[in-house]
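Chemist: Got a structure here, written out as structure tokens. Questions coming.
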Amino acid sequence: MELDELKYQLNQKLATDHASRTDADIAALLKKKTSSVIGKLKRSLVVEMVLCVLFSIAMLYVCFVSDYWSIRLYFGVFAVLMFLFTFILYYLYKRTQKLTSSHQPVKANLQSAVSLLEEFVKRYFQFTMAMLPVCFVFSLILSSMEPISVPEVDKFVLHYFSARWQVLTFLGVYMIVLAVTLYYFTKWYLKKLYGNYLTELKKCIEELG
Amino acid sequence: MPAEKEFIALLNEHQRIIHKVCNLYMDAHADREDLFQEITLQAWKAYAGFRGDAKFSTWLYRVALNTAITFFRKEKRKPDIYSTESVPDFGTSETYDPIEEQVKAMYTAIGDLSKIDKAIVMLYLEDYNYNDIGDMMGITANNVAVKMNRIKTKLKESTQKYMTPA
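Protein chains in written order, with the working numbering: chain A, 71 to 279; chain B, 225 to 390.
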């Protein structure tokens, strides 16, 4: 039996309603939260923008009240970086808004969703990775230029190391291990969040040719 | 709000479209409910951009298909393909009805298609021509024709597989 011969019956069966909605039911649905990936991404972008602004303010505060110029510089640079990242998040937020408010043909819609998610993943990864060298280099330069003595740290260093080169080697190894771990962790985490979804969307685009 | 009232009235009038998409894309009842909610929300969000240059039904199809195709469930609640939940009620006639059996088998076969093929079949069943289907899917009419031929062959084979001997 061909599809065309069963068109009428299939249409009837497909339209079978398991719970017909009244106007009031539909009105109630309009007040619910979206559970789509793009919708969740939009909400997460809002939360991240708010957190970025709050952290920028907190860092600026430390930058202005600290007695040590090294700490002021360190937190000042981070406040600026956070502030810049907020603009990237805002740009991505505008793109999600555009995507959810207009419905293009299926293929174009899929391409926009993939491009948006890839951009988000790329920027997030870039920002996390860029923080590492900035953080390491700044902390090393600033602590050597304006050493602040912390008794617990001094005690630890004296107990385990006898020469300055040993301390520097330990710090170097520690930073490399941390950087490599963070690199793979971020990659894994982003893939876990959006990897499968992106693969599924790309498969659909490929199928459309 | 007049826009909200207008939207609700239009959606209520055309809710059959959303039910069709939900029935086709989701097996479990709970998933169908979730998808219905998501399509309604997405349509409402995009409604401000609906200028009326296309029919509301065509526009709703586009929103519904876009939402269904990009809808992602981490844990699939997939009932057995022959369960009463995945296939709508086909009646419980005691006598063997070959047409009913074929419709049931065809319905199950459509359920096995990919998300994209399901969308094309759905629009085809609604009697949209290849140009209109192409416009909605974002591909050429020729591409739709090629895909449709392939889908029909696939469905014919799968239907045979799902047919239970009388």
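Even glycine gets a Cβ: it sits at the ideal position worked out from N, Cα and C.
From a predicted model like this one, the values you see are computed outputs, not experimental measurements.
Between the beta-carbon of F226 of chain A and the beta-carbon of F240 of chain A, is there less than 8 angstroms?
Modeler: Here residue 226 of chain A corresponds to residue number 156 of the first sequence, with the count starting at 1. Here residue 240 of chain A corresponds to residue number 170 of the first sequence, with the count starting at 1. The answer is no: Cβ separation not under 8 angstroms.
Chemist: Taking only beta-carbon atoms, is Y354 of chain B less than 8 angstroms away from chain A?
Modeler: Locating residue 354 of chain B in the second sequence gives position 130, where the first residue counts as 1. Cβ-Cβ to chain A under 8 angstroms: no for Y354 of chain B.
Chemist: Can at least three beta-carbon pairs, one atom from the stretch 240-249 of chain B and one from the stretch 283-294 of chain B, be found at a separation below 8 angstroms?
Modeler: Touching, per the Cβ criterion.
Chemist: Check the C-beta distance from K112 of chain A over to T166 of chain A and give it rounded, since I have them as a contact under 8 angstroms.
Modeler: Residue numbering aside, residue 112 of chain A sits at position 42 when the first sequence is read from its first letter. Residue numbering aside, residue 166 of chain A sits at position 96 when the first sequence is read from its first letter. The Cβ separation is near 4 angstroms, so the contact holds.
Chemist: Strictly below 9 angstroms CB to CB, what residues from chain A border G362 of chain B?
Modeler: Translated into positions along the second sequence, residue 362 of chain B becomes position 138. The answer, in chain order, is Q174, P175, V176, K177, A178, N179, L180, Q181 and L278.
Chemist: Taking DSSP as the reference, what is the three-state secondary structure of L187 of chain A?
Modeler: As a first step, residue 187 of chain A must be located in the first sequence, where it is residue number 117. L187 of chain A falls in the helix class under three-state DSSP.
Chemist: Can you have a look at K164 of chain A and say buried or exposed, based on whether 16 or more other CB atoms are within 10 angstroms of its CB?
Modeler: As a position in the first sequence, residue 164 of chain A is number 94, starting the count at 1. Label assigned to K164 of chain A: exposed.
Chemist: Under a CB-based cut-off of 8 angstroms, is L263 of chain A close to chain B?
Modeler: Sequence index remark: in the first sequence, residue 263 of chain A carries index 193 (1-based). False, the Cβ-Cβ gap to chain B never drops below 8 angstroms.
Chemist: Going by DSSP, what residue range makes up the alpha helix (DSSP H) through E118 of chain A?
Modeler: Numbered from its first residue, the first sequence carries residue 118 of chain A at position 48. It spans V107 to V135 - the alpha helix (DSSP H) in which E118 of chain A sits, taken as one unbroken run.
Chemist: Name, going along the chain, the residues of the stretch 112-128 of chain A whose beta-carbon falls closer than 9 angstroms to a beta-carbon of chain B.
Modeler: Result list empty, no residue passes.
Chemist: Does the Cβ of K83 of chain A have 16 or more other Cβ atoms within 10 Å, making it buried, or fewer, making it exposed?
Modeler: For this step, residue 83 of chain A is matched to residue 13 along the first sequence. K83 of chain A should be labelled buried.
Chemist: Alpha carbon to alpha carbon, what distance is there between T104 of chain A and K269 of chain B?
Modeler: Start at 1 with the first residue of the second sequence, and residue 269 of chain B comes out as number 45. Start at 1 with the first residue of the first sequence, and residue 104 of chain A comes out as number 34. Using only the alpha carbons, I get a separation of about 10 angstroms.
Chemist: What are the start and end residues of the alpha helix (DSSP H) that includes Q261 of chain B?
Modeler: The count along the second sequence starts at 1 and reaches residue 261 of chain B at position 37. Run containing Q261 of chain B: H253 to A270, per the alpha helix (DSSP H) assignment.
Chemist: What is the DSSP secondary structure of T308 of chain B, counted as helix, strand or coil?
Modeler: As a working note, residue 308 of chain B is residue 84 in the second sequence. Residue placement at T308 of chain B is poorly supported in this model, since its pLDDT is 48, which falls under 50; the coordinates are not used for a value here.
Chemist: So N247 of chain B is in the alpha helix (DSSP H); what residue range does that whole segment cover?
Modeler: What you label residue 247 of chain B is simply residue 23 of the second sequence in a count that begins at 1. Element bounds for N247 of chain B: P226 to Y249.
Chemist: Grouping DSSP H, G and I as helix and E and B as strand, with all else coil, what is Q79 of chain A?
Modeler: In the first sequence, residue 79 of chain A corresponds to position 9, counting from 1. Three-state result, Q79 of chain A: helix.
Chemist: Taking a contact to mean a Cβ-Cβ separation below 8 angstroms, would you say I282 of chain A touches A183 of chain A in this structure?
Modeler: What is shown of chain A runs 71 to 279, which leaves residue 282 of chain A out entirely.
Chemist: So if I threshold CB-CB distances at 7 angstroms, which residues from the stretch 75-89 of chain A count as touching chain B?
Modeler: Going along the stretch 75-89 of chain A in chain order, one finds L76, K77, Q79, L80, N81, K83, L84, A85, T86, D87 and H88 with a Cβ nearer than 7 angstroms to chain B.
Chemist: Let me know if K279 of chain B comes out buried or exposed under the rule of 16 or more other beta-carbons within 10 Å of its beta-carbon.
Modeler: Here residue 279 of chain B refers to the residue found at position 55 of the second sequence. Exposed: under 16 other Cβ atoms inside 10 Å.
Chemist: Considering only the beta carbon of each residue, do V176 of chain A and M360 of chain B sit closer than 8 angstroms?
Modeler: Translated into the one-based positions of the first sequence, residue 176 of chain A becomes position 106. Translated into the one-based positions of the second sequence, residue 360 of chain B becomes position 136. In this structure, M360 of chain B lies closer than 8 angstroms to V176 of chain A by Cβ.
Chemist: Can you give the Cα-Cα distance for E324 of chain B and F296 of chain B, rounded to whole angstroms?
Modeler: Looking up residue 324 of chain B in the second sequence gives position 100. Looking up residue 296 of chain B in the second sequence gives position 72. Rounded to whole angstroms, E324 of chain B to F296 of chain B spans 32 angstroms at the Cα level.
Chemist: So what does DSSP say about Q174 of chain A, is it helix, strand or coil?
Modeler: Taking the first residue of the first sequence as position 1, residue 174 of chain A is located at position 104. Here Q174 of chain A sits in coil by DSSP.
Chemist: With 8 angstroms as the threshold, decide whether the Cβ of I357 of chain B is near any Cβ in chain A.
Modeler: Residue mapping note: residue 357 of chain B aligns to position 133 of the second sequence, counting from 1. With 8 angstroms as the cut-off, I357 of chain B does not count as an interface residue toward chain A.
Chemist: Could you check whether the stretch 201-209 of chain A touches the stretch 136-152 of chain A, counting it as contact only if at least three pairs of C-beta atoms, one from each stretch, sit closer than 8 angstroms?
Modeler: Yes: the two stretches touch, three or more of their Cβ pairs being nearer than 8 angstroms.
Chemist: Which chain B residues are close to I96 of chain A, counting only those with a beta carbon under 7 angstroms from its beta carbon?
Modeler: By one-based count along the first sequence, residue 96 of chain A stands at place 26. Ordered by position in chain B, the residues that pass the 7 angstroms Cβ test against I96 of chain A are I232, L235, N236 and T264.
Chemist: If I measure Cβ to Cβ from N367 of chain B and keep anything under 8 angstroms in the same chain, skipping five residues before and after, which residues do I get?
Modeler: Counting from one through the second sequence, the residue named residue 367 of chain B turns up at place 143. Closer than 8 angstroms at the Cβ level, and outside the excluded window around N367 of chain B, lie G358.
Chemist: Applying the 10 Å Cβ sphere with the 16-neighbour rule, what's the burial state of K102 of chain A?
Modeler: Residue numbering aside, residue 102 of chain A sits at position 32 when the first sequence is read from its first letter. Under this definition K102 of chain A is an exposed residue.
Chemist: Tell me the rounded alpha-carbon separation between E262 of chain B and A97 of chain A.
Modeler: Indexing the second sequence from 1 puts residue 262 of chain B at position 38. Indexing the first sequence from 1 puts residue 97 of chain A at position 27. Using only the alpha carbons, I get a separation of about 13 angstroms.
Chemist: Mind listing the chain B neighbours of V191 of chain A? Cutoff is C-beta to C-beta under 7 angstroms, in chain order.
Modeler: Within the first sequence, residue 191 of chain A is the residue found at index 121, counting from 1. Ordered by position in chain B, no residue passes the 7 angstroms Cβ test against V191 of chain A, which lies about 15 angstroms from the chain.
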